[in-house]
Amino acid sequence: MSPFAALPVELVRDILELAADGDLSTSVTLSRVNRAVKYWTEPSLYETVVLESASALSSFAAVLQRRPPIAAHVKHLGLLAPGPLPTVHRILHACARVPSLACGFSLPSYASQYPDEPPLALAAREQHLLMSACRDGRWETALSSPYTTHLRLHIDAESWDVLSPARLAAWPALTHLAVVLSPCAPTPGAPDDIPDALETFLRVLDDVPLQVLLVQVAGGKTRKRSAVQRLKTLGKEHGAKRLVVEPAPVSTVRQWEDLARAGKPGAMWDGAVAEVALRAENWATS
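Under this note's numbering, the first residue of the sequence shown is numbered 188, with each subsequent residue one higher.
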């Protein structure tokens, strides 16, 4: 006899839903038990969807085509494969109300292919534009939801313009901004890009009423450590209380996915927000 046989159905459902919430592989296994259990556990299975290959994009697009209501279960959507863009486009339309979105495909290419489209995931309050999303040329920031409050951008030499006042104005609700920066490796005779980066960050803080600007420094271990320390020192010299600098995680994608699956998608900012609060108390007296 099943150990659940004598239990009320509502209690069995609570137990299985809790098990599905705690582990992705458990959620997948439970969805195969029978139709009733699949119905109970399916929301957990699709709460965080991470698509990192063309085949994964195609498979999920097919699921959404067969069963459109699945889109309502998606709370964290990672479109991290470079394409095909038509498949990305179909998924974005189906999941237009997703609250947390991570993109790894080229936004300039998407904007060129779909020039008259409304903003991506209009309901999204948190967006992570990672990897090649902001590279390969200028893209219109209006492509991203104006309701975004938490935004992370990968910045390279071609995409600094996204931090200009005119382009940041596309996100009037923005309170938390994270920038993933890869400083140039120092070479004899080459300009030092750290002061220019700091100047840009200070201007952003002047122009946008952010609670925190988090800079995550990527690159080699030695260069990363040096750049983090210099930006911290220069930031304090300029009294930039809302500028927090830290080494970038080994993988920004994995950081986003891990926090999303743990039900803490905005937690990457928590340490920075706490640091800003501490500075507000201590810097004035130091």
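Beta carbons: idealized from backbone N, C-alpha and C, even for Gly.
* Asked: Under the DSSP definition of a beta bridge, which residues are partnered with alanine 365?
  -> Within the sequence shown, numbered from 1, the residue matching residue 365 stands at position 178. Beta-bridge annotation (DSSP): alanine 365 is paired with Arg339 and Leu401.
* Asked: Pairing CB atoms from the stretch 360 to 371 with CB atoms from the stretch 298 to 306, are three or more of them under 8 Å?
  -> Contact between the stretch 360 to 371 and the stretch 298 to 306 is absent: fewer than 3 CB-CB pairs across the two stretches fall below 8 Å.
* Asked: Start and end of the alpha helix (DSSP H) containing serine 245?
  -> Stepping through the sequence shown from its first residue, residue 245 is reached at position 58. Unbroken alpha helix (DSSP H) run through serine 245: 241 to 253.
* To do: Take isoleucine 257 as the anchor and find which of Thr335, Ser331, His280 and Val431 has the nearest alpha-carbon.
  => The residue labelled residue 257 in the question sits at position 70 within the sequence shown. Just measuring C-alpha positions, the residue of Thr335, Ser331, His280 and Val431 sitting nearest isoleucine 257 is His280.
* In terms of alpha-carbon separation, which member of Ala461, Ala427 and Leu446 lies closest to arginine 526? -> Outside the displayed range of the chain (188 to 473) lies residue 526, so it cannot be described from this structure.
* Tell me, which residues are paired with glycine 265 by DSSP? -> On the sequence shown, position 78 is the one that residue 265 refers to. The partner list for glycine 265 (beta bridge, DSSP) reads Val237 and Ala289.
* Between glycine 453 and the rest of its own chain, which residues show a CB-CB distance below 7 Å, the 5 nearest in sequence each way excluded? -> Indexing the sequence shown from 1 puts residue 453 at position 266. Hits under 7 Å: Glu313 and His337.
* **Distance between threonine 362 and alanine 207 (C-alpha atoms, nearest Å)** => Working through the sequence shown from its first residue, we reach residue 207 at position 20. Working through the sequence shown from its first residue, we reach residue 362 at position 175. Note that alanine 207 has pLDDT 49, beneath the 50 cutoff, so the model's placement of it is unreliable and no number is given.
* Reducing DSSP to helix, strand and coil, say where valine 275 ends up. => Indexing the sequence shown from 1 puts residue 275 at position 88. In the structure shown, the three-state DSSP call for valine 275 is helix.
* Residues sharing a beta bridge with glutamine 314, DSSP -> Position 127 of the sequence shown, counting from 1, holds the residue named residue 314. In DSSP, glutamine 314 forms a bridge with Leu288 and Leu338.
* Asked: Are the beta-carbon atoms belonging to proline 273 and serine 293 less than 8 Å from one another?
  -> As a first step, residue 273 is located in the sequence shown; it is residue number 86 there, counting from the start. As a first step, residue 293 is located in the sequence shown; it is residue number 106 there, counting from the start. Against a cut-off of 8 Å, the Cβ pair of serine 293 and proline 273 comes out as no contact.
* Asked: For alanine 329 and chain C, any beta-carbon pair shorter than 8 Å?
  -> Chain labels in this structure do not include chain C; a single protein chain is all it has.
* Could you check if serine 438 is buried or exposed, using at least 16 other CB atoms within 10 Å of its CB as the buried criterion? => Counting from 1 along the sequence shown, the entry for residue 438 is found at position 251. By the neighbour-count rule (16 or more Cβ atoms within 10 Å), serine 438 is not buried but exposed.
* Asked: Is glutamate 433 helix, strand or coil when you go by DSSP?
  -> On the sequence shown, residue 433 is found 246 positions in, with the first residue counted as 1. Strand.
* Asked: Between the Cα of serine 299 and the Cα atoms of Pro382, Arg277 and Leu330, which residue gives the shortest distance?
  -> In the sequence shown, counting from the first residue as 1, residue 299 sits at position 112. Minimum Cα distance to serine 299 is reached at Leu330.
* Looking only at DSSP bridge pairs, what is leucine 307 linked to? -> As a working mapping, residue 307 is identified with position 120 in the sequence shown. Ser331.
* To do: Compute the Euclidean distance between the alpha carbons of leucine 267 and leucine 465, then round it to the nearest angstrom.
  => Here the question's residue 267 lines up with position 80 in the sequence shown. Here the question's residue 465 lines up with position 278 in the sequence shown. If you take the alpha carbons of leucine 267 and leucine 465, they lie about 35 Å apart.
* Nonlocal neighbours in the same chain, by C-beta distance under 8 Å from glutamine 442, ignoring five residues either side -> Along the sequence shown, read from residue 1 onward, the residue named residue 442 stands at position 255. Taking glutamine 442 as the centre and dropping the five residues before and after it, the same chain places the C-beta of Pro436 and Met455 closer than 8 Å to its C-beta, in chain order.
* Secondary structure of arginine 325, DSSP reduced to three states -> Within the sequence shown, numbered from 1, the residue matching residue 325 stands at position 138. Of the three classes helix, strand and coil, the one that applies to arginine 325 here is coil, per DSSP.
* Asked: Secondary structure at histidine 280, three-state DSSP: helix, strand or coil?
  -> One-based indexing of the sequence shown puts residue 280 at position 93. Helix, per DSSP.
* Pair within 8 Å by beta-carbon distance, aspartate 394 and proline 352 -> Against the sequence shown, residue 394 aligns to sequence position 207. Against the sequence shown, residue 352 aligns to sequence position 165. Their beta carbons are under 8 Å apart, which means aspartate 394 touches proline 352 by this criterion.
* **CA-to-CA distance, proline 271 to alanine 253, given in whole angstroms** => The residue labelled residue 253 in the question sits at position 66 within the sequence shown. The residue labelled residue 271 in the question sits at position 84 within the sequence shown. Note that residue 253 corresponds to arginine in the displayed sequence, not to alanine. Whole-angstrom Cα-Cα distance: 20 Å.
* May I have the straight-line CA-CA distance separating phenylalanine 247 from glutamine 398, to the nearest angstrom? => As a working note, residue 247 is residue 60 in the sequence shown. As a working note, residue 398 is residue 211 in the sequence shown. Straight-line spacing of the CA atoms in phenylalanine 247 and glutamine 398 works out to 36 Å.
* Asked: Looking only at its own chain, which residues have a Cβ that is under 6 Å from the Cβ of leucine 244, when we skip the five neighbours before and after it?
  -> In the sequence shown, counting from the first residue as 1, residue 244 sits at position 57. In the same chain as leucine 244, and ignoring 5 residues on each side of it, the C-beta atoms closer than 6 Å to its own belong to Leu238, Ala268 and Thr274, in chain order.
* To do: Please classify proline 382: is it buried, with 16 or more other beta-carbons within 10 angstroms of its beta-carbon, or exposed?
  => Taking the first residue of the sequence shown as position 1, residue 382 is located at position 195. Proline 382 comes out exposed.
* To do: Could you tell me the boundaries of the alpha helix (DSSP H) in which isoleucine 381 lies?
  => Here residue 381 is taken as the residue at index 194 of the sequence shown, counted from 1. For isoleucine 381, the enclosing alpha helix (DSSP H) has its first and last residue at 381 to 394.
* Beta carbon of threonine 387 nearer than 8 Å to that of alanine 357 -> As a working mapping, residue 387 is identified with position 200 in the sequence shown. As a working mapping, residue 357 is identified with position 170 in the sequence shown. Not closer than 8 Å, so no.
* Three-state secondary structure (DSSP) at glycine 453? -> For the purposes of this step, residue 453 is taken as the residue at position 266 of the sequence shown. Residue state, collapsed to three classes: coil.
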